[in-house]
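Notes for the one structure printed next.
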Amino acid sequence: MLNDSVLLVKLFSAADESVPPLGLGYLASAIRNKCEVEILDCEKEKIQAENFALWLKNKDFKVIGFHVFTHHLNILREYIKAVKEVIPQAVIIIGGPHPSCAPEHSLKNFPEIDYAFCGEAEKGLSAFLDALFANNLTAAVKATIPGLVWRHNQEVKVNQRLFWENLDDLGMPAWDLLKFESYPTGAPHSVFYKNFPIAPIVTTRGCPFSCTFCAGHLVSGRRMRTRSVQSIIDEIEYLHDNFGVKEINFEDDNFTFNKERVMDFCEKLSKKPWQISFAFANGIRLDSLDEEMLLALKKAGLYEVRVGIESGNNRILKLMQKSLNTTVVQDKIKLIQSVGLDVVGLFIIGYPGETRKEILQTFKFARDLGLIRANFAIFHPFPFTAVTDQLVAEKKINTDIQDWDNFSLTKVAYVPQGFTKNELRNLRRYGFLRFYLRPKILYKLLSSIKSFSHFKFIFRLMFRWVFK
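Its first residue numbered 1, the sequence shown is counted upward by one per residue in full-length UniProt numbering.
What follows is the structure, encoded as structure tokens:
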């Protein structure tokens, strides 16, 4: 193995989905001309912390980088411990959503970590490795590296972030290093699908909206940046030709933000000789949709629309700064259904200040909308979101004593006044059962199962969300 070698790690978690880590794929693409790069998906390979040291044996990576969500913080320590045991000289770096939201916390609370990156790290990591491999990683050089979080004179320094302007210049993620063909069937991010194999793609970065519970802007900023339509078509063609991909899961938060771009994409994709179905794993904004766009998307291959509705109560929607009300939601969903597309609704319960009556109102709203599926997530106070900052200021939570394991979406990380953890779990269970235990909905769900492995995946997922 080359001395200048880098390992990029997706940490193990209890999630049932098994999806290629696109962020690590983009990082690998940005640095592969400088060093040997390997991507390890511990989730896919079932490598938990206690097995990581064994996997590292006889390897000699110079740099090991971990992609970290907030719910990874506890197990991260165990993975780092394994690195220190087997390759003590390795430089340990973390990046991803948590260090982007809480950069100082990431180094202050993890003395074993050498560096972190906040925000988009393709340029920053590339510059960091240039200096490291040249033995020129001085304080003066560190201060120039975009997004680097580092220590100097017992102080944590957080460098200014640099957002990639022309996303086409990034190229595609390193699909060969992601080993797409090794991912299991029947376990995509979106749970349900029309065709397989299914691959994720990201076409935009940044979010200009101000939803109080969301941390997206802390990772990629508020200014929208988009890939060209041709680059998207080229990546779909590459995935189709090399891996037989038949469906795309767009992982964007705002794919439909620019109507002209959407219409251009639909026109170009519709002209291709192969048929590709697609959906939006994270949902799309209702207020961006009109009939012309929906018809074009359907013709191009869209088969269902997932939307972040969040609540069935206007007071809560206003608190969330969703820029929607229940009337707009009803009208837009009727519009989507009128063009022959099914709708999946995504909701949040247990938002600060929400009452039991308002939660029950959300459950009824979901049932009355004619959705084919719904998901009810319990609110999580992710670090440095607007609502979390408010809760900290009001001394309703203390981020210094959080149990980070509870930030997995199926668990309870925050209990609003007037509730208990068990009551929130029971309410979520009630919402799921009332929604799905209806003959038409249950039949639709069962008829969407593609294989026995897909059935097992759905069963495990529903058990974790409903009964744990």
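Quick reminder that beta carbons are idealized off the backbone N, C-alpha and C, glycines included.
Lys268 carries a helical assignment under DSSP once its states are collapsed to helix, strand and coil. Nearest to Leu148 by C-alpha distance, out of Trp164, Gly171, Phe117, is Phe117. Secondary-structure assignment with DSSP links Ala279 through a beta bridge to Asn249. Of the residues assessed, His152 falls on the exposed side of the cut-off, its CB having fewer than 16 other CB atoms within 10 angstroms. Shown here for Gly345: same chain residues with a beta carbon closer than 7 Å to its own, the five before and five after excluded, namely Val307, Ile309, Ala366, Leu369, Leu371, Ala374 in chain order. Judged by DSSP in its simplified three-state form, Phe435 adopts helix.
Within the same chain, and ignoring the five residues on either side of Asp169 in sequence, no residue has its Cβ closer than 7 Å to its Cβ. In this structure, the alpha-carbon of Glu122 lies about 19 Å from that of Cys207. Within the DSSP bridge table, the entry for Ser182 names no partner. Within the model, the alpha-carbon separation for Val68 versus Phe363 is close to 32 Å. Around the CB of Glu85, fewer than 16 other CB atoms lie within 10 Å, so the residue is classed as exposed. Secondary structure at Ile31: helix, using DSSP grouped into helix, strand and coil.
Counting only residues of its own chain and dropping the five nearest sequence neighbours on each side, Lys299 has a CB closer than 7 Å to the CB of Cys266, Ser270. Exposed is the label assigned to Glu165, since fewer than 16 other Cβ atoms lie within 10 Å of its Cβ.
The bridge partners DSSP lists for Ile348 are Ala377. For Val158 and Glu251, the gap between their C-alpha atoms comes out near 28 Å.
Secondary structure note for Ser106: its alpha helix (DSSP H) is the uninterrupted segment 103-108. By the Cβ criterion, the segment 444-464 is not in contact with the segment 390-400, since fewer than three pairs of Cβ atoms, one from each stretch, lie closer than 8 Å.
A check of alpha carbon separations from Gly283 across Gln275, Asp264, Tyr303 identifies Tyr303 as the nearest. Contact between Met320 and Thr212 holds, since their C-beta atoms are separated by about 5 Å, short of 8 Å. Where Ser5 is concerned, there is no enclosing alpha helix (DSSP H), although the beta strand (DSSP E) around it starts and stops at 5-10. The segment 378-388 and the segment 348-362 touch, with three or more beta-carbon pairs separated by less than 8 Å. DSSP links Trp150 through a beta bridge to Lys157. With 16 or more other Cβ atoms inside 10 Å of its own Cβ, Thr410 counts as buried. Of all C-beta pairs linking the segment 174-184 to the segment 29-39, three or more are shorter than 8 Å, placing the two stretches in contact. The bridge partners DSSP lists for Pro200 are Asn249.
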